[in-house]
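Here is the structure we will look at.
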Amino acid sequence: MCGRGQENPSGMYDLSEFRGNYSGNREQSSEIFTSFPALADAASYLTQTTSYLTRCFAGSADESVLDDGEELVTFSSGEAHISDSVNGFTAAHDSDGSGTTLITPDERGTASLGGSSQAGTGPLVSTSVFQIGPSIFQGLISRARKTVLGSADDIGWLQRAPGMPPVEDGTKRFIELLENIRNDEHKLPDSLVYLLVPGLFSNHGPLYFVNTKTCFSKMGLTCHIAKIHSEASIDKNAREIKEYIEEIYWGSKKRVLLLGHSKGGVDSAAALSLYWPDLKDKVAGLALAQSPYGGSPIASDILREGQLGDYVQLRKIMEVLICKVLKGDLLALEDLTYEKRREFLRKHPLPLDLPVVSFHTEAGLGPSVLATLSQVAHAELPIIGDGPSTKVPVVMPLSAAMAACAQLLQVRYGEKSDGLVTRRDAEVPGSVVVRPERKLDHAWMVYSTLNDSPGEADASQVCEALLTLLVEVGQKRRHLAFSGVQILIKKENLNFDTIQKIVTSIRKKLLNK
């Protein structure tokens, strides 16, 4: 790790030492400037300038009324002086304004008088003690600190929060299931309905999750893609997802297994947190793929005051894009900031008895991403003659965009990400976590690329493996619940009627019978 204020081999400053608790303490704030010589020189210059301006704009010497913060200085000779306090020094002016005495703190902290340019007597008057210099300087320090730190203190906050349940690593089992699926061994039961919940801007990508739904349908599984307004707030989408689940359940009498991607995972988790009493008998589990469950540094840096977005008007640009162009709600992005996620999860944590799987990846940064194109839609060419219409793919360099964002997060925060979501923010407390080593960006999960390797699993197979793992997690929990009941029966020596009531209750809650 680089030392304080030193450059690492990539030419960037290492900011890891600035990720502590910055509570406004002046000594901690000043450390930022001492780490950067150029900023230290600028800070010194600003201090001198503001002190000079404070002295220049001192109040009128003929004021006779004391205002808040005014200070009177009198001497044994009976002379009255005006006192201006600037950065620990006090300039005392004679009452007639003709002379100035410099009062400086001595080594013991007491004030001593310097030479007076001219003595004078007169009525007692005063001016305000100006402290504009220090306040401006501290404001500059605070703003610079916010800009330099960004979201460094927020990333991974869920892992540091007290009282959060631990996660379980399910990567090995996931890889085994994925290999079985690639060998045509499919285990997803048809006794469930599979609901895919898309993320932000999905309404404008017609192929979002389409390949996955097609593959599931070919296996004889009932699969739906939730048609929600992807640029709506989390609360609004949570209500819509609840209605989707209830409609599916009452129509099929089957429980629902949810897979949410990106913001879709956050929306799905919010629906289960807010409406769990109504949905607990209708939902079998939740898988979150590349979801910013703890928050997103991209959203925070764009929208939070004092961040880089303030300097290039990114907030205004996003407001125009989401609200005016896409007819959405800026809350869709604001709800993904760390402040909003902390507030929501404090009030509405996920139910502890809900089976949850969380999945996160790291984007590739190699040169190959520049040649990778993602298919986001189809364009139908006009019919020429009597021949059939021709569909051509609409492609975008999403992998290159994700790689650029991932590089930015790596350089600024030292965090691995899929381009939009850091790996630490995607881990849901209490979940079974899947951490594959394969380089996959944020868009790969839902949009196929034109140069997918046939030797690697595709996105639909990854989704199938995640949901298969989720089914196993739910079965394991039910097994543990029944085992606990058996232990309780033996320990407490319960009678037959009590045992029957316990078993019936568990069947209703866990087996939905």
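Numbering (UniProt numbering), first residue to last: 1 to 513.
In this text, a Cβ means the ideal position worked out from N, Cα and C, and glycines have one as well.
These figures come from a predicted structure and were not determined experimentally.
Tell me the residue span of the alpha helix (DSSP H) that contains residue i.
i: residue 584; result: Any property of residue 584 remains undetermined from this structure, which presents the chain solely from 1 to 513.
i: Cys405; result: Leu398 to Tyr413
i: Arg346; result: Tyr338 to Lys347
i: Leu200; result: It is not in any alpha helix (DSSP H) - Leu200 carries neither H nor E in the DSSP assignment.
i: Ala332; result: Leu331 to Glu334
i: Asp278; result: Trp276 to Leu279
i: Leu352; result: Element bounds for Leu352: n/a, residue is neither H nor E.
i: Trp444; result: Taken as a continuous stretch (DSSP letters only), Trp444 belongs to no alpha helix (DSSP H), as it is neither H nor E.
i: Leu158; result: Trp157 to Arg160
Beta carbon of residue i, beta carbon of residue j: below 9 angstroms?
i: Asp425; j: Pro292; result: yes
i: Gly260; j: Val434; result: no
i: Asp418; j: Pro297; result: no
i: Leu470; j: Val356; result: yes
i: Trp444; j: Ser505; result: no
i: Asp353; j: Lys280; result: yes
i: Glu472; j: His186; result: no
i: Ala271; j: Ile248; result: no
i: Gly294; j: Val197; result: no
i: Gln410; j: Leu467; result: no
i: Val432; j: Ser262; result: no
i: Leu286; j: Leu350; result: yes
i: Glu362; j: Ala406; result: yes
i: Lys218; j: His229; result: no
i: Cys223; j: Leu177; result: no
i: Arg438; j: Glu456; result: yes
i: Arg182; j: Gln461; result: yes
i: Leu258; j: Phe216; result: no
For residue i, which option in the options has the closest C-alpha, if you only look at C-alpha atoms?
i: residue 514; options: Asp281, Leu331 and Val283; result: Residue 514 falls outside the range modelled here, since the chain spans only 1 to 513, and no answer is possible.
i: Ser358; options: Leu149, Pro166, Ala152 and Ile155; result: Pro166
i: Thr372; options: Glu464, Pro429 and Asp441; result: Asp441
i: Glu231; options: Ile248, Trp250, Asp267 and Leu469; result: Asp267
i: Asp301; options: Lys347, Cys463, Lys501 and Arg412; result: Arg412
i: Val193; options: Lys227, Cys405, Arg255 and Thr337; result: Arg255
i: Leu158; options: Gly430, Lys439, Glu456 and Ala299; result: Gly430
i: Glu427; options: Leu336, Ala400, Asn211 and Leu288; result: Leu288
i: Pro436; options: Asp184, His360 and Ile317; result: His360
i: Gly199; options: Tyr447, Leu480 and Pro367; result: Tyr447
i: residue 518; options: Pro454, Cys323 and Ala459; result: Nothing can be reported for residue 518: it is not among the residues displayed for the chain, which extend from 1 to 513.
i: Thr212; options: Ser191, Phe201, Ile225 and Ile141; result: Ile225
i: Glu343; options: Ile234, Arg423 and Gly455; result: Ile234
i: Ala401; options: Gly414, Arg423, Val392 and Ser368; result: Ser368
i: Ala152; options: Lys227, Glu415, Arg477 and Ser191; result: Glu415
i: Arg239; options: Ser273, Leu257 and Ser142; result: Ser273
i: Ser252; options: Ala457, Lys391, Val148 and Ser191; result: Ser191
i: Leu408; options: Asn183, Met396, Trp276 and Gly150; result: Gly150
i: Gly163; options: Arg346, Thr390, Arg423 and Leu398; result: Arg346
i: Arg423; options: Gly156, Ile141 and Arg145; result: Gly156
i: Asp329; options: Arg145, Ile141, Lys501 and Phe201; result: Phe201
Is residue i helix, strand or coil when you go by DSSP?
i: Lys213; result: helix
i: Ser240; result: According to the sequence displayed, residue 240 carries Glu and not Ser. In the structure shown, Glu240 sits in a helix (DSSP, three-state: H, G or I).
i: Val266; result: helix
i: Lys218; result: helix
i: Lys187; result: coil
i: His479; result: helix
i: Thr422; result: strand
i: Ser505; result: helix
i: Tyr208; result: coil
i: residue 519; result: This structure leaves residue 519 out entirely; the chain is present only between 1 and 513.
i: Lys227; result: coil
i: Val356; result: strand
i: Val392; result: strand
i: Gly78; result: Confidence is the limiting factor: at Gly78 the pLDDT is only 42, short of 50, which leaves the residue's position unreliable and the question unanswerable from this model.
i: Ser233; result: coil
i: Lys439; result: strand
i: Ser374; result: strand
i: Ser273; result: helix
i: residue 520; result: This structure cannot settle anything about residue 520, because the visible part of the chain is limited to 1 through 513.
Give the range of the beta strand (DSSP E) segment to which residue i is assigned.
i: Ala287; result: Val283 to Ala289
i: Arg255; result: Arg255 to His261
i: Ser300; result: Per DSSP, Ser300 belongs to no beta strand (DSSP E); it is in the alpha helix (DSSP H), Pro297 to Leu303.
i: Val167; result: Counting along the chain, Val167 falls outside any beta strand (DSSP E), and DSSP gives it neither H nor E.
i: Val433; result: Val432 to Val434
Check whether chain D comes within 9 angstroms of residue i, counting only Cβ atoms and requiring the distance to be less than that.
i: Gly170; result: No chain D appears in this structure, which consists of one protein chain only.
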